[in-house]
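> First, the structure itself, so that you have it in front of you.
Residue numbers (the numbering used here), protein chains in the order written: chain A, 1466 to 1826; chain B, 1466 to 1826.
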């Protein structure tokens, strides 16, 4: 299934964590010569074992260098790579773009060959052993053009993104950092602060937790070490958004402190309505798509049951547009909520019921 | 598939919204005589059309009355039902329990027949047409005993919960309200306040939104009218938790405002670590379960593909313990992340690859 790559020649990947190893796996799978380097020899050997590429050699002449090191180290490593490989275009994959660029400018690096980029991919927990060739599939990969940067350098990084199945999105450095402060860094902290409230909770309270709490706090499982660096590198923008958040929070607290006061309920209602409006703006099926009808199926939590359900749906020719699984507290059953096209709903309910599945009435 | 019900005689359901109609559907499906009442005759007729029961009659003699009206109206309706049906046990399903009870006590109602309860079920958007017989399946249903309340009254409400497939959980009134303030009401506001930040976002920023933002903000799509009542009825407990949240938020903002100051990064790191600890306490597979291995499959976003995948997994005898679907921005592909038992992972990858599926390398 190998497809020809857009990127040719050797690609040097510096840093063998989740992102670097995933870049290596994806490119190697397309036949690209990937030279892996890492401050830790053990990390490189592990990534080589996973099929992410070969050990880098002193005589490598890469056309493209991908720096995939923690945010705090990006500028220093990019500068060293620019100096060591004067013919290569260098990019990085850090979650923040302005701070490393400012450091590089201050250091007087040869920035005409540096293109900052950021694949919007990753998971709560990383490391080379979590690397996947498809980590970037279908994800936006921001590439940051700058005045004076050649089109061919930008295009080479976009070719890298395309080779890895990502969707290149051009944004300038500041616009990128504004965007991720809002859609990634602030949600991380909002979830973290909610999850912190649970540390002193009673078991009884936690036994009532539902999908809502789980969703709100899921990203709070992310790695502190990495996130401190990300947040520190984008601190002013994140702090500004958090100040707006705090102003709204103060409004809610004041309203709840005297909820029968004139205007108090209205303040809460307007806050909630603002939340409705905000969530409706998020693109994607979960955010706003009402094209589908829902079917809820009760599934015993034992081996084969979910596979059997989907197998039978496949036999019935019913396409699942989306789905959501919920596991039940204290019971050995799960609930599968399937989204199907409206005109398939009745047939799906009838056919599944006829086969003995328990469905919403 | 009708099973004998624990509850016998007529059950009167007052309020034909999502919860009332779902109670009616579930009980009717078990052959219980359900008498539906609602301040709106049109709402009752709609619920009858959906199969939730029959219209209530003046000569009904219910053994159990379920009050499923908005929180602000609960106390008044419960008092009226207690007076009108002197032989019936009356329960309600409101999300808050202390405020209605205090109102009832102040009104001098006959509280020896009133048992407050709360099924932890529901969705972002409700109404009778969203009613489902299985809405309560596998969910906790809190029942609140009180000194002086007969065991038989409490047991009757627990029988109702069991008939609807829910799991009865006994908690006193204050403990219930403490718990839902933490696991339901505060997360609702935290998500709402995050979603509000998106109302002024650029489209470019929103195009970078990933699963993290979607998860954090999902419940912000809930109905403001209902939630104002819930939050107002539990205002002091919610405000207290929000004050703790704000204190942590202030710590983070101060640290980000001067992120190179001594201790600033440590403050952010400790906040993030506290979030890790909190999310790990949530019961359920998403919260803490590391028993499973992950397989990521690329699925074309066209009819039948997901069904075909699950059909083939069923044929291969591979059980899916959990899964997560992601739709890709700007691309006609989706990503299905399957959780399987560790010893099934390699076989699943091999077999799916052999059948032509694209899997992580």
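All residues carry an ideal CB built from backbone N, CA and C; glycine is no exception. Since the model is a prediction, treat every value here as computed from it, not as a measurement.
Should the stretch 1575 to 1589 of chain A be called in touch with the stretch 1597 to 1611 of chain A, which here means at least 3 C-beta pairs below 8 Å?
Enough Cβ pairs lie closer than 8 Å, so yes.
> At 3 residues or longer, and completely inside the stretch 1597 to 1659 of chain B: list those beta strand (DSSP E) runs for me, N to C.
Those beta strand (DSSP E) runs which fall completely within the stretch 1597 to 1659 of chain B and span 3+ residues are 1605 to 1609, 1632 to 1635.
> Who are the neighbours of residue 1662 (chain A) on chain B, taking C-beta pairs under 7 Å?
Within chain B, the residues near residue 1662 (chain A) are 1647, 1651, 1706, 1709, 1710, 1743.
> Could you tell me the boundaries of the beta strand (DSSP E) in which residue 1477 (chain A) lies?
1475 to 1479 is the span of the beta strand (DSSP E), which, as asked, contains residue 1477 (chain A).
> Are the C-beta of residue 1692 (chain B) and some C-beta of chain A separated by less than 7 Å?
Yes, its Cβ sits closer than 7 Å to a Cβ of chain A.
> Check whether the Cβ of residue 1728 (chain B) lies closer than 7 Å to any Cβ atom in chain A.
It does not; no Cβ of chain A falls within 7 Å.
> Any C-beta of chain D sitting closer than 7 Å to the C-beta of residue 1679 (chain A)?
The structure shown has no chain D; the protein chains it does contain are A and B.
> For residue 1532 (chain B) versus residue 1498 (chain B), is the C-beta spacing smaller than 7 Å?
Contact: no.
> Going by C-alpha to C-alpha distance, which of A:1816, A:1740, A:1724, A:1694 sits closest to residue 1559 (chain A)?
Among A:1816, A:1740, A:1724, A:1694, the Cα nearest to that of residue 1559 (chain A) belongs to A:1694.
> For residue 1484 (chain A), would you say it is in contact with chain B, using Cβ-to-Cβ distances shorter than 7 Å as the test?
Output row for residue 1484 (chain A): interface = no.
> Please report the residue range of the beta strand (DSSP E) in which residue 1500 (chain A) lies.
Start and end: 1498 to 1502.
> Step through the CB atoms of chain B and report whether any lies within less than 7 Å of the CB of residue 1550 (chain A).
Not an interface residue.
> Drop a sphere of 10 angstroms on the beta-carbon of residue 1555 (chain A), count the other beta-carbons inside from all chains shown, and report buried for 16 or more, exposed for fewer.
Its Cβ being crowded by 16 or more others within 10 Å, residue 1555 (chain A) is buried.
> Does any C-beta atom of chain A lie closer than 7 Å to the C-beta of residue 1733 (chain B)?
So yes, residue 1733 (chain B) belongs to the interface.
> Please list the partners that residue 1570 (chain A) has in chain B, where partner means a Cβ-to-Cβ separation under 7 Å.
By Cβ distance, chain B contributes nothing, its closest Cβ being about 19 Å from residue 1570 (chain A), past 7 Å.
> Does the stretch 1481 to 1500 of chain B come within contact of the stretch 1813 to 1823 of chain A, defined as at least 3 CB pairs closer than 8 Å?
Not touching, per the Cβ criterion.
> Could you tell me the alpha carbon to alpha carbon distance between residue 1513 (chain B) and residue 1479 (chain B), rounded to whole angstroms?
If you take the alpha carbons of residue 1513 (chain B) and residue 1479 (chain B), they lie about 13 Å apart.
> Who pairs with residue 1579 (chain A) in a beta bridge, going by DSSP?
Residue 1579 (chain A) is bridged to A:1555.
> At the level of alpha carbons, what is the spacing between residue 1643 (chain B) and residue 1471 (chain A)?
Each residue's alpha carbon lies about 58 Å from the other.
> Just to confirm before moving on: does the CB-CB distance between residue 1648 (chain B) and residue 1670 (chain A) stay below 7 Å?
Yes, Cβ-Cβ distance for residue 1648 (chain B) and residue 1670 (chain A) is below 7 Å.
> Going along chain A in order, which residues have a C-beta closer than 7 Å to the C-beta of residue 1672 (chain B)?
Neighbours of residue 1672 (chain B) on chain A, chain order: 1605, 1634, 1748.
> What is the residue span of the beta strand (DSSP E) that residue 1763 (chain A) lies within?
1758 to 1765 is the span of the beta strand (DSSP E), which, as asked, contains residue 1763 (chain A).
> Between the C-alpha atoms of residue 1774 (chain B) and residue 1774 (chain A), what's the straight-line distance to the nearest angstrom?
Taking the straight line joining both Cα atoms gives about 12 Å.
> Would you kindly work out how many angstroms separate the C-alpha atoms of residue 1636 (chain A) and residue 1683 (chain B), rounded to a whole number?
If you take the alpha carbons of residue 1636 (chain A) and residue 1683 (chain B), they lie about 27 Å apart.
> Just checking: is the beta-carbon of residue 1858 (chain B) within a distance shorter than 7 Å of some beta-carbon in chain A?
Missing from the structure shown is residue 1858 (chain B); chain B here goes from 1466 to 1826 and no further.
> Taking residue 1530 (chain A) as part of the beta strand (DSSP E), name the residues at either end of that continuous run.
Start and end: 1529 to 1532.
> For residue 1535 (chain A), I'd like the list of residues in its chain whose CB is within less than 6 Å of its CB, leaving aside the five on either flank, ordered along the chain.
Closer than 6 Å at the Cβ level, and outside the excluded window around residue 1535 (chain A), lie 1694.
> Exposed or buried, residue 1679 (chain B), counting other C-beta atoms within 10 Å across all chains shown (16 or more means buried)?
Burial call: buried.
> Provide the residue span of the alpha helix (DSSP H) that contains residue 1710 (chain B), from first to last.
1700 to 1722 is the extent of the alpha helix (DSSP H) around residue 1710 (chain B).
> Answer yes or no: does any C-beta atom of chain A fall closer than 7 Å to that of residue 1510 (chain B)?
No, no contact with chain A.
> Keeping to the same chain, check which residues put their C-beta closer than 8 Å to that of residue 1732 (chain A); ignore five residues upstream and five downstream.
Result list for residue 1732 (chain A): 1716, 1717, 1719, 1720, in chain order.
> Tell me which residue opens and which closes the alpha helix (DSSP H) that residue 1664 (chain A) is part of.
Neither: residue 1664 (chain A) is in no alpha helix (DSSP H) and is coded neither H nor E.
> With which residues is residue 1805 (chain A) paired in a DSSP beta bridge?
In the DSSP output, where bridge partners are listed per residue, residue 1805 (chain A) has A:1758.
> Against chain B, does residue 1683 (chain A) count as a neighbour if the rule is that its beta carbon must be under 7 Å from one of theirs?
By this cut-off, residue 1683 (chain A) is an interface position.
> Looking only at its own chain, which residues have a Cβ that is under 7 Å from the Cβ of residue 1493 (chain A), when we skip the five neighbours before and after it?
Same-chain partners within the cutoff: 1499, 1516, 1517, 1518.
> Looking only at DSSP bridge pairs, what is residue 1519 (chain B) linked to?
In the DSSP output, where bridge partners are listed per residue, residue 1519 (chain B) has B:1500.
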